[in-house]
Amino acid sequence: MNKIDEAAVAGTGRSTDFVEALARGLRVLESFTLPGNDIQRGRMTLTEVAKLTNLTRGTARRLLLTLKDMNYVDSDGKQFWLTPRLLRLSQGFQTPIGLGDQAVALLHALTQVIDESASVAILDLESVVYVCRVEVRRIYSSRIVNGTRLPAASTSVGRVLLASLSDEQLGIWLDRFPLQKLTPRTIVDRAAFLDEIARIRAQGHAILDQELEIGIRSVAVPIVNDLGRTMAALNASTSTARHSTADLRDVFLPELLKTSADLSRVMNW
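For what it's worth, our numbering labels the leading residue of the sequence shown as 477, then goes sequentially.
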């Protein structure tokens, strides 16, 4: 699931069977949740959809009305928004890979032991996508939920997933998605990043100290299939006020390894 299609990463190599009309429809759906926008999209006018998708107003209108007829989009005549029918698509993804009650129960058990939130994530090009999460209730919430996307290079789950790629795939990934400095601690030097990935491969886990956000530390381990291939990653995060990096290594890591072994058996790849 985290395997990189080299042609896709490079932005080349479209199939001869590529259906442009379908691609445009999917671009319209994705426009409602595009990462990096300054405002929460949610509801958009026809003009906004056309601008975000680089489609003409006429094409965007036809696609939106088609999606409305199929109940994926609704409208008040001026604005458009997604409907809960889209959740069926996510269920079609989660159920076959075992992200059901058993996986959630394992995460719940883990959070009760470490008293911190835990998540399962996969790699999707430049981002990690959280596909199963159990949050420990605190005054401050991380606001990470299922479907949240974060930069792969600056998260512990992302680095575990990137470490599972071949050197060639990783090189293509870095060419396509340059490292970005999110905090003063973020590794942005390519050679240093590759050294860090080599360490993660050798030790089998990743620990990040305030590279995504100041005040936040996290640890992640791989979830593998029967063939030993990394398909997802499990992580737990904490604040610098509550735990040191030594705590992540000595207290959290053994518990994550136990849970990841259980998830590897439960999640049907």
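Beta carbons: idealized from backbone N, C-alpha and C, even for Gly.
Buried or exposed (CB count within 10 angstroms, at least 16 for buried), residue i
{"i": "L531", "result": "buried"}
{"i": "I690", "result": "exposed"}
{"i": "V525", "result": "buried"}
{"i": "A497", "result": "exposed"}
{"i": "F494", "result": "exposed"}
{"i": "N711", "result": "buried"}
{"i": "L540", "result": "buried"}
{"i": "A536", "result": "buried"}
{"i": "A696", "result": "buried"}
{"i": "N513", "result": "Any reading at N513 must be qualified, since the residue scores a pLDDT of 44, below 50, and its modelled position is unreliable; no value is offered."}
{"i": "H584", "result": "exposed"}
{"i": "T521", "result": "exposed"}
{"i": "L543", "result": "buried"}
{"i": "L599", "result": "buried"}
{"i": "T587", "result": "buried"}
Whether residue i touches residue j by CB criterion (8 Å)
{"i": "P698", "j": "S640", "result": "yes"}
{"i": "A628", "j": "V604", "result": "yes"}
{"i": "S632", "j": "A682", "result": "yes"}
{"i": "L739", "j": "L637", "result": "no"}
{"i": "R693", "j": "T662", "result": "no"}
{"i": "S593", "j": "E611", "result": "yes"}
{"i": "E731", "j": "F653", "result": "no"}
{"i": "Y606", "j": "G634", "result": "no"}
{"i": "V621", "j": "R609", "result": "yes"}
{"i": "V664", "j": "L655", "result": "yes"}
{"i": "R503", "j": "F556", "result": "no"}
{"i": "E687", "j": "L658", "result": "yes"}
Backbone secondary structure at residue i - three-state DSSP
{"i": "M661", "result": "A small correction: the amino acid at residue 661 is Arg; Met does not occupy that position in the sequence shown. Note: R661 maps to coil in three-state DSSP."}
{"i": "S760", "result": "Past the boundaries of the shown model lies residue 760; the chain is included only from 477 to 745, so the question cannot be answered."}
{"i": "D643", "result": "helix"}
{"i": "R705", "result": "coil"}
{"i": "S713", "result": "strand"}
{"i": "L684", "result": "strand"}
{"i": "V580", "result": "helix"}
{"i": "D493", "result": "coil"}
{"i": "P698", "result": "strand"}
{"i": "T463", "result": "As shown, the chain starts at 477 and ends at 745. That puts residue 463 outside it, with no answer to give."}
{"i": "R693", "result": "strand"}
{"i": "R519", "result": "strand"}
When the options are compared against residue i, the one with the closest alpha-carbon
{"i": "R533", "options": "K554, L541 and T523", "result": "T523"}
{"i": "L558", "options": "A579, L688 and F508", "result": "F508"}
{"i": "P660", "options": "D685, I676 and R677", "result": "D685"}
{"i": "L703", "options": "Y606, L565, S715 and R741", "result": "R741"}
{"i": "S736", "options": "L562, A499 and S595", "result": "S595"}
{"i": "M743", "options": "A709, T716, D600 and R675", "result": "A709"}
{"i": "G501", "options": "T521, P730, T529 and T492", "result": "T529"}
{"i": "L646", "options": "L626, I590 and D671", "result": "D671"}
{"i": "A597", "options": "D577, L626, R619 and K527", "result": "L626"}
{"i": "K734", "options": "E506, I676 and V589", "result": "V589"}
{"i": "T706", "options": "R677, L724 and A717", "result": "R677"}
{"i": "Y548", "options": "F669, D591, E506 and F728", "result": "E506"}
For this session: Report the residue ranges of all beta strand (DSSP E) runs contained in full by the stretch 530 to 561; include only those spanning at least 3 residues, in chain order.
Result: Segments of the beta strand (DSSP E) lying fully in the stretch 530 to 561: 549 to 551 and 555 to 558.
Problem set entry | 3 or more residues per run - each beta strand (DSSP E) lying fully within the stretch 602 to 635 | 603 to 610 and 625 to 627
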